[in-house]
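Residue numbers (our numbering): 51 to 612.
By construction, the Cβ of each residue, glycine as well, lies at the ideal position given by its N, Cα and C atoms.
What follows is the structure, encoded as structure tokens:
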């Protein structure tokens with residue numbers, strides 16, 4: 051790979067970046083400069099005729115420079131050297147007239163006073179500057195170094211990194227810190243961050259630094275590492291961070307999500323690029339619900355593709371590129387079609403359908419979910435007017451907690467004079483757990499109006515049945531993962547039977563999704579499952595093809611009852 055140098059990396063420019071030099075080299079250079087100035091000043095005074103002329107004041111230049119570099123003590127040493135060099139200088143070189151003792155003593159005293167006072171002022175300025183720098187680079191809440199310090203230390207670490215000893219960066223997000231903030235206040239959340247930072251600092255000499263990158267994020271910089279070291283370190287960070295932490299007498303356990311990156315081996319990197327890569331990896335870990343994700347170039351490509359795709363969603367809605375397809379649900383007792391599920395599809399400009407998995411997870415985390423759901427609701431209600439059975443649509447937790455959206459849903463159903471019981475709202479089990487109190491309130495509102503409510507992907511979330519008795523739901527949908535081995539595994543059969551029995555015990559309608567074989571269909575019917583959907587019956591179809599399928603289904607229904 052060909053790498054082009056940056057505009058600032060000119061050899062002459064790099065020579066003067068002496069703040070990056072080793073301290074020994076900088077000290078040696080300063081001493082040499084002071085000695086040259088002292089010698090040069092002495093020669094100028096001698097060449098201009100001696101100390102009787104004003105040129106002797108040139109010796110104050112190295113004195114003041116020594117004050118700026120070394121403070122009061124450095125200035126006094128340079129002042130002594132300057133005063134001594136002027137003491138042996140004739141008053142008049144041409145006449146070989148010597149100075150009297152009082153003259154050079156007064157001059158020496160003046161040098162010492164000016165140098166000492168200047169050195170004192172420079173020391174105070176340096177102390178004030180250092181204090182401001184410390185404040186600028188320190189997070190006031192946690193006391194940890196902040197993003198400014200991170201940028202500076204990353205720059206230094208990257209300049210000294212070699213191809214074999216890479217620099218690693220781990221961004222750590224404290225997922226639950228908002229709960230601490232709401233329950234105990236900002237000071238408590240700062241204490242939590244500080245304690246986690248102290249735990250992370252236990253990595254010893256390998257750790258370059260622990261930084262507070264943002265309110266809910268920490269950054270860990272390490273040098274001399276490779277990919278395997280980063281993976282091991284991330285696991286240690288997870289283990290350290292997720293132990294209970296006592297904050298104001300309350301034990302707190304925080305979930306951590308991490309994204310990491312390494313400086314490239316084939317070229318130099320800059321802090322911004324390393325941070326960008328770690329941020330992309332962190333987003334990927336969050337999206338995949340993993341504790342840690344390490345950056346690779348494919349993540350950037352996927353991120354760019356996703357960004358480009360999401361940017362086209364609103365345009366796609368305006369151009370009517372979105373469609374709602376309908377997958378039939380079959381009542382297992384008699385084989386009749388009892389309803390369907392409305393599933394969104396996006397047809398691009400070339401006429402190809404984009405898989406919902408490519409865009410819906412991102413859409414659900416943006417404000418675009420509102421117009422997309424508006425489209426789904428409108429299409430579903432219109433379809434329900436023209437077709438029989440219950441139609442199910444999927445809601446994200448953002449939809450569920452959007453009062454304006456629920457208002458519009460109720461208004462549309464009234465306007466169309468559609469029975470609310472013709473619509474079923476499906477929400478995933480994991481989404482329910484994000485805010486149980488608010489979710490329960492929203493579900494109660496939906497049920498009061500007459501909508502059906504079903505838990506989608508049941509059994510794949512938190513595997514807790516306790517909440518079922520509190521939520522006002524009307525149905526459960528067993529996830530495909532439990533159906534796949536139903537016909538060949540006795541354990542799977544027993545587990546599905548258990549899920550069906552739980553649903554029936556609570557008077558819920560149980561639906562199995564992902565049914566692909568006749569053996570699975572028959573097993574579910576024997577176990578008493580109420581409804582099923584899957585490719586055995588049909589994939590999701592456009593409205594017209596769905597109606598055609600329903601018309602042609604009568605003959606196939608007989609084979610399902612055997």
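Using a 10 Å radius around the Cβ and a threshold of 16 neighbouring Cβ atoms, would you call residue 561 buried or exposed?
The residue in question, residue 561, is buried, as its Cβ has 16 or more Cβ neighbours within 10 Å.
Use the C-beta contact count for residue 147: other C-beta atoms within 10 angstroms, 16 or more gives buried, fewer gives exposed.
Counting Cβ neighbours within 10 Å, residue 147 comes out exposed, since fewer than 16 surround it.
So what does DSSP say about residue 373, is it helix, strand or coil?
Strand.
Just the Cα atoms here: how many angstroms apart are residue 434 and residue 219?
If I take the Cα positions, the gap works out to 53 angstroms.
Could you check the C-alpha separation between residue 409 and residue 551 for me, to the nearest Å?
Rounded to the nearest angstrom, the two C-alpha atoms are 36 angstroms apart.
For a quick check, are the C-beta atoms of residue 309 and residue 335 less than 8 angstroms apart?
Yes.
Under 6 angstroms Cβ to Cβ from residue 488, same chain only, skipping five residues before and after it: list those, please.
Result list for residue 488: 451, in chain order.
Alpha carbon to alpha carbon, how far is residue 260 from residue 250? Give it in angstroms, no decimals.
Distance between the alpha carbons of residue 250 and residue 260 is about 7 angstroms.
Is the Cβ-Cβ distance between residue 390 and residue 596 less than 8 angstroms?
Result yes, Cβ atoms of residue 390 and residue 596 sit closer than 8 angstroms.
Would you call residue 527 buried or exposed, if buried means 16 or more other Cβ atoms sit within 10 Å of its Cβ?
So residue 527 ends up on the buried side.
Going by beta carbon distance, what residues of the same chain come within less than 7 angstroms of residue 173, once the five residues before and after it are set aside?
Within the same chain, residue 173 has close Cβ partners 121 and 122.
On the DSSP bridge assignment, give the partners of residue 527 in chain order.
561.
Exposed or buried, what is residue 630 when buried is set at 16 or more other beta-carbons lying within 10 Å of its beta-carbon?
Only positions 51 to 612 of the chain appear in this structure, which leaves residue 630 out of reach.
Relative to the alpha-carbon of residue 295, which residue among 276, 248, 339 and 486 has its alpha-carbon at the smallest distance?
Taking only the C-alpha atoms, the option nearest residue 295 is 248.
Could you compute how far the alpha carbon of residue 282 sits from the alpha carbon of residue 204?
Cα to Cα, residue 282 sits roughly 21 angstroms from residue 204.
What whole-angstrom Cβ distance do residue 337 and residue 411 have, given they're in contact under 8 angstroms?
Residue 337 to residue 411, Cβ: 6 angstroms. Contact.
Mapping DSSP to helix, strand and coil, what is residue 61?
Because residue 61 sits at a pLDDT of 41, beneath the cut-off of 50, its placement in the model cannot be relied upon, and the following sentence gives the value as read from the coordinates. Residue 61: helix per DSSP, three-state reduction.
What number of angstroms, rounded off, separates the C-alpha of residue 427 from the C-alpha of residue 469?
Distance between the alpha carbons of residue 427 and residue 469: 14 angstroms.
Does the beta-carbon of residue 196 have 16 or more other beta-carbons within 10 angstroms, so that it is buried, or is it exposed?
Buried, by the Cβ-count rule.
Comparing C-alpha positions only, which one of 330, 601 and 263 sits nearest to residue 200?
Closest option to residue 200, Cα to Cα, is 263.
Please classify residue 150 as buried or exposed, where buried requires at least 16 other C-beta atoms within 10 Å of its C-beta.
Exposed, because fewer than 16 other Cβ atoms sit within 10 Å of the Cβ of residue 150.
So, with DSSP's three-state summary, where would you put residue 577?
Helix at residue 577.
List the endpoints of the continuous alpha helix (DSSP H) containing residue 455.
Element bounds for residue 455: 453 to 466.
Excluding five sequence neighbours on each side, which residues of the same chain lie with their C-beta closer than 6 angstroms to the C-beta of residue 158?
For residue 158, where only same-chain residues beyond five positions count, the Cβ hits under 6 angstroms are 133.
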